[in-house]
Amino acid sequence: MMKKCKESKSDFYLALLNYRNTPVAGLDVSPSQILMSRMLRSTMPCTAEMLEPKVVENVRDKLLENKQKVEKHYNNTAHERAPFQPGDNVVIQNWPNRTWSPAKVLQSQGPRSYVLQTDTGNTVRRNSSHVRKSKHHCNVLPDHSENVTEVDPCTSAVAEPCNNEAGYVTRSGRSINKPSRLKDYVL
Numbered sequence: 001m002m003k004k005c006k007e008s009k010s011d012f013y014l015a016l017l018n019y020r021n022t023p024v025a026g027l028d029v030s031p032s033q034i035l036m037s038r039m040l041r042s043t044m045p046c047t048a049e050m051l052e053p054k055v056v057e058n059v060r061d062k063l064l065e066n067k068q069k070v071e072k073h074y075n076n077t078a079h080e081r082a083p084f085q086p087g088d089n090v091v092i093q094n095w096p097n098r099t100w101s102p103a104k105v106l107q108s109q110g111p112r113s114y115v116l117q118t119d120t121g122n123t124v125r126r127n128s129s130h131v132r133k134s135k136h137h138c139n140v141l142p143d144h145s146e147n148v149t150e151v152d153p154c155t156s157a158v159a160e161p162c163n164n165e166a167g168y169v170t171r172s173g174r175s176i177n178k179p180s181r182l183k184d185y186v187l
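Going by full-length UniProt numbering, the first residue of the sequence shown is number 1, and it counts up by one from there.
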């Protein structure tokens with residue numbers, strides 16, 4: 001607010017007064033009404049009745065109720081991410097084009113980090129936010145080394161999906177097919 005006042009060369013104290021007179025979202029009372037039980041005199045036209053003190057009750061209860069409502073809506077969809085097990089078929093997100101390619105989990109390195117083997121045979125390390133479970137079984141080249149040592153983050157390669165011509169079906173049942181004009185390109 002101070003930066004905007006400085007940029008527009010307007011009075012900071014007037015902006016602060018307007019802020020204090022603006023009702024809080026979800027409460028229909030302003031900070032000045034909560035603190036002093038009345039509106040403050042400002043440049044906005046108002047009646048004399050609005051400037052008289054009127055005690056506002058149950059403000060804490062309303063704030064707590066709003067907080068619980070937001071918490072309930074958040075908790076309806078929030079859940080912990082299930083850990084991947086070695087041998088799980090997954091898809092990983094490749095950068096910078098954000099395409100998803102199939103892979104297999106080799107081992108877990110920490111709570112959210114996994115060492116994966118792509119279908120081209122490359123070994124990569126990804127955070128669980130870039131890894132999703134896959135329903136399709138993809139052929140992954142067998143790994144001949146028993147131990148996976150230091151993994152270079154730049155060793156990932158863009159790979160073709162398992163069945164790129166067939167498309168896929170969404171959860172709602174809609175069939176998604178890639179445009180035929182893109183059949184000559186690797187996506």
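Where a beta carbon is used, it is the ideal one built from N, C-alpha and C, also for glycine.
According to DSSP, residues forming a beta bridge with residue i
i	result
N127	S113
R20	Note: R20 sits in no beta bridge, so no partner.
S175	V169
K133	V90
Cutoff 8 angstroms; reference residue i; Cβ partners in own chain excluding five residues on either side
i	result
Y60	A quick correction: the sequence has Arg, not Tyr, at residue 60. No residues qualify anywhere along the chain.
CB contact check: residue i to chain C, cutoff 8 angstroms
i	result
V29	No chain C is part of this structure, which consists of one protein chain only.
Close Cβ partners of residue i (< 6 angstroms) along its chain, the five nearest in sequence each way excluded
i	result
P31	R20
C5	F12, A15
G26	N66
Cα-Cα separation, residue i to residue j
i	j	result
N97	V169	22 angstroms
Y114	N122	14 angstroms
N163	N177	Low confidence applies to N163: its pLDDT is 48, below 50, so where it sits in the model is not reliable enough to give any reading.
M1	E7	10 angstroms
N76	L40	40 angstroms
D88	R174	26 angstroms
L106	Q117	7 angstroms
Q93	R132	9 angstroms
Per-residue DSSP class, three states only, for residue i
i	result
R38	coil
E7	helix
L27	coil
Inset, instruction - Please specify which runs of the beta strand (DSSP E), each continuous and at least 3 residues long, are wholly inside the segment 54-125, giving them in chain order. - result: 89-93, 100-108, 113-118
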